[in-house]
Amino acid sequence: MKYFVLLEQRNATLSDASLNVWNTVQHLATDAGCAEVYGAVIGDIESSVVSSLCYGNGQVYVVRDKSFARYAPSVYAQAIAELVAETGAEHVFLAGTARGRDLAPRIAMRLGAALVSDCALKADGQGFLKASTTLYAGSVRAVAHVRTEIAVYTLGAQANRPARISSNPVEVRNADAFCPEFSGWNPLLEEVRYYTARRDISESDIIVAGGRGVGGRDNFVLLESLAEALGGVVGASRSAVDEGWRPHADQIGQTGKSVAPKLYIACGISGAVQHLAGISGAGIVVAINRDREAPIFRAADYGIVGTIEDVVPRLEGAVRDFLHLK
1 MKYFVLLEQR NATLSDASLN VWNTVQHLAT DAGCAEVYGA VIGDIESSVV SSLCYGNGQV
61 YVVRDKSFAR YAPSVYAQAI AELVAETGAE HVFLAGTARG RDLAPRIAMR LGAALVSDCA
121 LKADGQGFLK ASTTLYAGSV RAVAHVRTEI AVYTLGAQAN RPARISSNPV EVRNADAFCP
181 EFSGWNPLLE EVRYYTARRD ISESDIIVAG GRGVGGRDNF VLLESLAEAL GGVVGASRSA
241 VDEGWRPHAD QIGQTGKSVA PKLYIACGIS GAVQHLAGIS GAGIVVAINR DREAPIFRAA
301 DYGIVGTIED VVPRLEGAVR DFLHLK
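Here the sequence shown stands for residues 1 to 326, numbered as in our numbering.
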């Protein structure tokens, strides 16, 4: 049995989401008695960086070519499909990020493979994988049994990050040159990049999120201050993004990002099923809402009934006193 992991790189380093997938697959390989794990990263990244971040058994290919300077889905999918075929891998894994969700069906189509999205995996001693996933905005949990020779999986975020299974760095190799086939029907017209100094919400262990109940853009300053005290970041529900209070990059939910922080504080969020689908992997959920009947309380581990203006500053004060912060 052979496993293959697509690693995403950002600014010449590997993303935390991809490293979590790599470590997860290393554990799966051990549980299944499989020692062959392959990986690939596309873009201009130093081999020394890859070897300093990826540990365990296996090899990681670095694909460097000017053709990959800008993200083009068809070209990326072609390169990955060729590498998978070359290694003979039967199972392909990607992080459930925006790029992973974009590439996974394209790779599956090229390989004639089954696709299981946003799943969690377990392996038995014979190398077979059991994939559990959710349907209908998280209201139904299903177990997928793959019958095709090759399967592609996107792994959902998880609150408990998998630990390194080994202290041995992997072998890093340069991939052979590719001759990508550019598609004429979906050319790249413009590349728009969003730069921020803060950590991405999908990779943060602590998130303070706000919804329409926050009351306006100015009140998000309260959430920013609490997040800063906790060492976390601020997220938002779709309603807050639609109001223009936060950028789309902060949106959490079925039409935004799926997150799995260790601590999730929902401020003024009612708890629509579409939002809950995006936080199903969260560890501890704390809800703050003035409406004691809000659905979010049924999904929360702890709830506080009150206004954002009253509760959040008091909560921040308690955090700063406990952590001895100014």
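Built from N, CA and C at the ideal position, the CB exists for glycine as well. From a predicted model like this one, the values you see are computed outputs, not experimental measurements.
Contacting residues, own chain, Cβ-Cβ under 7 Å from residue i (five flanking each side not counted)
{"i": "residue 276", "result": "138, 299"}
{"i": "residue 296", "result": "266, 269, 270, 271, 287, 289"}
{"i": "residue 89", "result": "2, 3, 4, 38"}
{"i": "residue 254", "result": "137, 274, 277, 278"}
Alpha carbon of residue i to alpha carbon of residue j, nearest angstrom
{"i": "residue 13", "j": "residue 42", "result": "11 Å"}
{"i": "residue 96", "j": "residue 134", "result": "13 Å"}
{"i": "residue 221", "j": "residue 245", "result": "11 Å"}
{"i": "residue 155", "j": "residue 111", "result": "19 Å"}
{"i": "residue 163", "j": "residue 68", "result": "31 Å"}
{"i": "residue 224", "j": "residue 233", "result": "7 Å"}
{"i": "residue 203", "j": "residue 274", "result": "20 Å"}
{"i": "residue 24", "j": "residue 319", "result": "33 Å"}
{"i": "residue 236", "j": "residue 250", "result": "6 Å"}
{"i": "residue 280", "j": "residue 307", "result": "25 Å"}
{"i": "residue 84", "j": "residue 149", "result": "13 Å"}
Span of the alpha helix (DSSP H) around residue i
{"i": "residue 322", "result": "308 to 323"}
{"i": "residue 101", "result": "98 to 111"}
{"i": "residue 189", "result": "Counting along the chain, residue 189 falls outside any alpha helix (DSSP H), and DSSP gives it neither H nor E."}
{"i": "residue 220", "result": "220 to 230"}
Host beta strand (DSSP E) of residue i (start-end)
{"i": "residue 264", "result": "263 to 267"}
{"i": "residue 132", "result": "129 to 135"}
{"i": "residue 59", "result": "59 to 63"}
{"i": "residue 297", "result": "Unbroken run through residue 297 is the alpha helix (DSSP H), 296 to 299; no beta strand (DSSP E)."}
Paired residues, beta bridge with residue i - DSSP
{"i": "residue 288", "result": "267, 304"}
{"i": "residue 2", "result": "36"}
{"i": "residue 10", "result": "13"}
{"i": "residue 174", "result": "62"}
{"i": "residue 119", "result": "133, 155"}
{"i": "residue 91", "result": "3, 151"}
Beta-carbon contacts of residue i that lie in its chain and below 8 Å, excluding the five residues immediately before and after
{"i": "residue 73", "result": "102, 103, 106, 186"}
{"i": "residue 259", "result": "157, 201, 202, 204, 207, 235, 252, 278, 279, 281, 282"}
{"i": "residue 119", "result": "131, 132, 133, 144, 153, 154, 155, 156"}
Residue i beta carbon near the ligand NAP (any heavy atom closer than 7 Å)
{"i": "residue 277", "result": "Among the components modelled here there is no ligand, and therefore nothing to report on the ligand NAP."}
Task: Stretch pair the stretch 204 to 219 + the stretch 235 to 249: three plus CB contacts closer than 8 Å - done: The stretch 204 to 219 vs the stretch 235 to 249: in contact.
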